[in-house]
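As structure tokens, the structure follows; a few thoughts come after it.
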Amino acid sequence: MQISRKVKYETELDAQFPAWLTTIPGGERARECMQCGTCSSICPISVYMDITPRRLMAMADAGFKDEVLHSFTIWLCASCYACTVNCPKDIKITDVMYGLKRRAIEEKILPSRRFAIPILARSFVNMVKKNGRTTESRLVMMLAFKIGLFHLLKMAPLGWSLLRSGRLSFKKERVQNRQQIKAMLKAAEASS
Ligand code: SF4
Ligand code: SF4
Numbered sequence: 001m002q003i004s005r006k007v008k009y010e011t012e013l014d015a016q017f018p019a020w021l022t023t024i025p026g027g028e029r030a031r032e033c034m035q036c037g038t039c040s041s042i043c044p045i046s047v048y049m050d051i052t053p054r055r056l057m058a059m060a061d062a063g064f065k066d067e068v069l070h071s072f073t074i075w076l077c078a079s080c081y082a083c084t085v086n087c088p089k090d091i092k093i094t095d096v097m098y099g100l101k102r103r104a105i106e107e108k109i110l111p112s113r114r115f116a117i118p119i120l121a122r123s124f125v126n127m128v129k130k131n132g133r134t135t136e137s138r139l140v141m142m143l144a145f146k147i148g149l150f151h152l153l154k155m156a157p158l159g160w161s162l163l164r165s166g167r168l169s170f171k172k173e174r175v176q177n178r179q180q181i182k183a184m185l186k187a188a189e190a191s192s
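Here the sequence shown is numbered in UniProt numbering, starting from 1 and rising by one per residue.
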């Protein structure tokens, strides 16, 4: 996968970004990366990423904010923590990935308009806020309408086998006391 954006001039770099990186909870040591490559070699997803974790750390440290926040990498990270537990510099790379995702959301930056992962995450959260639970079949339909019906057709065989095995239901799932869920989420938001 190619990096979607490229900095051409040094003046396009964000001089504040490296310092901001260390304010991410878990990112305090982010600037101590020694580029050993352990994170990239151990990451099970790195082959699908446009910027490997090692390279992402170097780019973030050099102020390539635009490239880092537009990358697919921060969204593809599966939060397996393999990089974090093996980093010789004790950098919490997984937490840095979360921080970068939060920043991308705040700045309304996505690698592409129809990229499924953030759309799915948003739909998931909205459904939990409303019903306290998710109804997977509705979530899939919602996602398909947003990223394109063609994708729904591609997933049809999988959907059919899940339906047949009873692992996908169209019954709307929701908790009885939705006010409690709303109060919990409101308290969590207030304390964050
Ligand atoms: S494992 Fe740690 S020190 Fe090594 S490249 Fe990755 S972040 Fe840097
Ligand atoms: S936490 Fe993310 S970046 Fe780290 S190894 Fe797992 S998938 Fe890769």
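A virtual CB, placed ideally from N, CA and C, is assigned to each residue, including glycine. Owing to the predicted nature of the structure, the values given are computational and were not obtained by experimental measurement.
Reduced DSSP category for residue i - H, G, I as helix; E, B as strand; rest coil
{"i": "Phe170", "result": "coil"}
{"i": "Met155", "result": "coil"}
{"i": "Ile42", "result": "helix"}
{"i": "Ser112", "result": "coil"}
{"i": "Pro88", "result": "coil"}
Segment limits, alpha helix (DSSP H) that includes residue i
{"i": "residue 193", "result": "Coverage of the chain is limited to positions 1 through 192, which leaves residue 193 absent and any answer about it impossible."}
{"i": "Gln129", "result": "Per the sequence presented here, residue 129 reads as Lys, with Gln not at that position. Note, Lys129: alpha helix (DSSP H), 116-131."}
{"i": "Ile105", "result": "93-106"}
{"i": "Gln180", "result": "178-191"}
{"i": "Lys65", "result": "65-69"}
{"i": "residue 199", "result": "The displayed coordinates of the chain run from 1 to 192. Any statement about residue 199 would go beyond what the structure contains."}
{"i": "Ile25", "result": "In the sequence under discussion, the amino acid at residue 25 is Pro, which differs from the Ile named in the question. Unbroken run through Pro25: none, as it is neither H nor E."}
{"i": "Thr73", "result": "73-76"}
query: Counting Cβ pairs closer than 8 Å, one from the region 68-87 and one from the region 39-47, do we hit at least three?
result: The region 68-87 is in contact with the region 39-47.
task: Could you please go through the chain and list the residues whose beta-carbon is closer than 5 Å to any non-hydrogen atom of ligand 2?
output: After applying the 5 Å Cβ criterion, the set is Cys43, Ile45, Pro53, Cys77, Ala78, Cys80, Ala82, Cys83, Thr94.
field: Three CB pairs or more closer than 8 Å across the region 7-23 and the region 33-40
entry: Counting C-beta pairs closer than 8 Å gives fewer than three between the region 7-23 and the region 33-40, which falls short of the contact rule.
- prompt: Can we say the region 178-185 touches the region 135-151, given the rule of at least three CB pairs closer than 8 Å?
  reply: Touching, no, given that fewer than three Cβ pairs across the two stretches are closer than 8 Å.
- prompt: Quick check: the region 59-75 against the region 99-110, are there 3 or more CB pairs under 8 Å?
  reply: Verdict: yes, contact present.
message: Within 8 Å, do at least three Cβ pairs link the region 50-57 to the region 89-98?
response: Here the region 89-98 makes contact with the region 50-57; the two share three or more CB pairs at distances below 8 Å.
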